[in-house]
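The sequence shown begins at 173 in the numbering used here and counts up by one.
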Amino acid sequence: KKPAHRVLIFNEYTLLRLTPVRNGTSQLPLLLANWETGVTESDLEHQLERLQRRLERQTQARVAAEELLSSKATELYQLNKSLLVAKEKAEAASLAKSEFLANMNHELRTPLNAILGYSDLLMEDFEDDPTVVADLNKIKDAGKSLLTMISEILDLAKLNAGRMQVHVQPIRFSELQDHLQAREIDLITPNDNTLVFEDQLQETMFHSDIDHLNLLLLNLLGNAGKFTSNGTVTVTGKYISESPLPIAISVADTGIGIDLDANPDIFNTFEQVDNSSTREHDGIGLGLKLAHELALLIQGQLDLESTLGEGSVFTLRLPALVSTE
Ligand code: ADP
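If you want it as structure tokens, here you go:
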């Protein structure tokens, strides 16, 4: 018959095999085991004490470890709490900054527009005096660069503050083309570039926000004209069937190109390719970030393919219909 249970105690003296009797409380097996192996009761007591002391030490160590764990957990909790408070404060400060800038829209643009407007008026008044006209042109160019930069800062602030609305309407590629063409002299001609349009969308209508689209494409067109000389800038509209974003509008240039391996974050705020040809141009590195954020706002995406020294292609992919939910 098998024993009810078996206890093995292994120590430096002996190996004891204890088999309790059926009522489980009898000391008989212990005594028998002692008798069989020649181990005295005091040996066993000694052994038991050692085991108890070891158990006590282990219990104390476990309690200490538990206390340490609990104090670390409290520390972590406090740290998390203060991190959360800091994060909320930083977010509130960033939102306040964005809101402040968005509110400054009118205050900043109005005086600059006045400078530009009055330069035009003065140019008409002094059209017979080329020296004055040249000086006025410099004022106007500087004012325009400043207006572009301020507009980029303000538009991004408005986007960050969640104050940029989306107004959906039916659009044809030709409407975008007209808007871009109107800026050809301004953005494309100064570097002796040619502007070409390829309208493969023809009469295809899609639904989106035309103001955001114009702003986004103007940014891309401005960059293409800025970083290309004696080259071609081509704006193409295509329909890619079976794509969730079937409308593809690309701005391709034959300019200096971008080394994408060296500049993987080019769509980030303030990112500029750090080479002398870029530094020759003005700009603050907000245009691509703005274009990227605008693309997301109208539920599209902006992709870039580029080869250094050969040119860049920025492609905006859009849904045929922007959901207004
Ligand atoms: P910036 O105000 O400097 O033009 P952007 O955010 O519009 O800022 O562009 C960021 C940088 O990306 C530019 O400084 C330039 O280095 C690079 N870049 C943008 N577009 C082009 C392009 N079409 N060809 C070459 N480089 C470009």
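Cβ atoms here follow ideal geometry from the backbone N, Cα and C, with glycine treated the same way.
Distance CB(residue i)-CB(residue j) smaller than 8 Å
{"i": "isoleucine 428", "j": "glycine 409", "result": "no"}
{"i": "leucine 255", "j": "leucine 284", "result": "no"}
{"i": "leucine 331", "j": "leucine 280", "result": "no"}
{"i": "glutamate 457", "j": "asparagine 395", "result": "Checking the displayed sequence, the identity of residue 457 turns out to be glycine instead of glutamate. Cβ distance not < 8 Å, so glycine 457 and asparagine 395 don't count as in contact."}
{"i": "aspartate 364", "j": "asparagine 402", "result": "yes"}
{"i": "tyrosine 411", "j": "leucine 373", "result": "yes"}
{"i": "leucine 476", "j": "aspartate 431", "result": "no"}
Outcome for residue i when other beta-carbon atoms lying within 10 angstroms are tallied against a minimum of 16
{"i": "phenylalanine 272", "result": "exposed"}
{"i": "histidine 278", "result": "exposed"}
{"i": "alanine 463", "result": "buried"}
{"i": "threonine 282", "result": "exposed"}
{"i": "arginine 229", "result": "exposed"}
{"i": "glutamate 482", "result": "exposed"}
{"i": "leucine 488", "result": "buried"}
{"i": "lysine 461", "result": "buried"}
{"i": "serine 484", "result": "buried"}
{"i": "serine 448", "result": "Model confidence at serine 448 stands at a pLDDT of 47, short of 50, so the residue's coordinates are unreliable and nothing is read from them."}
{"i": "asparagine 391", "result": "buried"}
{"i": "serine 266", "result": "exposed"}
{"i": "isoleucine 419", "result": "buried"}
{"i": "threonine 212", "result": "exposed"}
Residue range of the unbroken alpha helix (DSSP H) whose run includes residue i
{"i": "proline 342", "result": "Counting along the chain, proline 342 falls outside any alpha helix (DSSP H), though it belongs to the beta strand (DSSP E) covering 341 to 343."}
{"i": "phenylalanine 272", "result": "213 to 297"}
{"i": "glutamate 356", "result": "356 to 359"}
{"i": "aspartate 327", "result": "302 to 332"}
{"i": "leucine 460", "result": "459 to 469"}
{"i": "glycine 429", "result": "No alpha helix (DSSP H) contains glycine 429, which DSSP labels as neither H nor E."}
Closest residue to residue i among the options (Cα-Cα distance)
{"i": "asparagine 275", "options": "Leu255, Leu393, Ile322 and Leu462", "result": "Ile322"}
{"i": "aspartate 425", "options": "Gln353, Phe378, Val368 and Ile311", "result": "Val368"}
{"i": "valine 340", "options": "Leu488, Leu458 and His379", "result": "His379"}
{"i": "phenylalanine 439", "options": "Ala354, Leu373, Ser242 and Leu328", "result": "Leu328"}
{"i": "leucine 308", "options": "Gly289, Leu373 and Thr320", "result": "Gly289"}
{"i": "lysine 312", "options": "Met336, Ala286, Leu458 and Leu240", "result": "Ala286"}
{"i": "proline 416", "options": "Gln473, Leu326, Leu390 and Leu267", "result": "Gln473"}
{"i": "methionine 377", "options": "His218, Ala492, Ser243 and Ile470", "result": "Ala492"}
{"i": "valine 423", "options": "Ser401, Ile357 and Glu370", "result": "Glu370"}
{"i": "threonine 320", "options": "Leu359, Phe345 and Val305", "result": "Leu359"}
{"i": "phenylalanine 115", "options": "Lys310, Ser270, Leu480 and Leu389", "result": "Any question about residue 115 goes unanswered here, given that the chain covers just 173 to 497."}
{"i": "leucine 469", "options": "Glu217, Leu490 and Tyr411", "result": "Leu490"}
{"i": "glutamate 263", "options": "Leu385, Ala354, Arg226 and Ala333", "result": "Ala333"}
{"i": "glutamine 353", "options": "Asp381, Ala314 and Val407", "result": "Val407"}
{"i": "histidine 351", "options": "Phe486, Asp215 and Asp383", "result": "Asp383"}
{"i": "arginine 355", "options": "Gln337, Asp300 and Lys316", "result": "Lys316"}
{"i": "valine 338", "options": "Ala237, Arg225 and Ala467", "result": "Ala467"}
{"i": "isoleucine 343", "options": "Pro362, Ile357 and Asp381", "result": "Asp381"}
Extent of the continuous beta strand (DSSP E) to which residue i belongs
{"i": "alanine 420", "result": "419 to 425"}
{"i": "leucine 488", "result": "483 to 490"}
{"i": "glutamate 370", "result": "366 to 371"}
{"i": "aspartate 475", "result": "473 to 479"}
{"i": "glycine 403", "result": "Where glycine 403 is concerned, there is no enclosing beta strand (DSSP E), given that its DSSP letter is neither H nor E."}
{"i": "serine 380", "result": "378 to 380"}
Whole-Å CB distance - residue i paired with residue j, under 8 Å assumed
{"i": "valine 405", "j": "leucine 393", "result": "7 Å"}
Ligand 3 heavy atom lying under 7 Å from the CB of residue i
{"i": "asparagine 402", "result": "Summarising the ligand content, the structure contains ligand 1 and does not contain ligand 3."}
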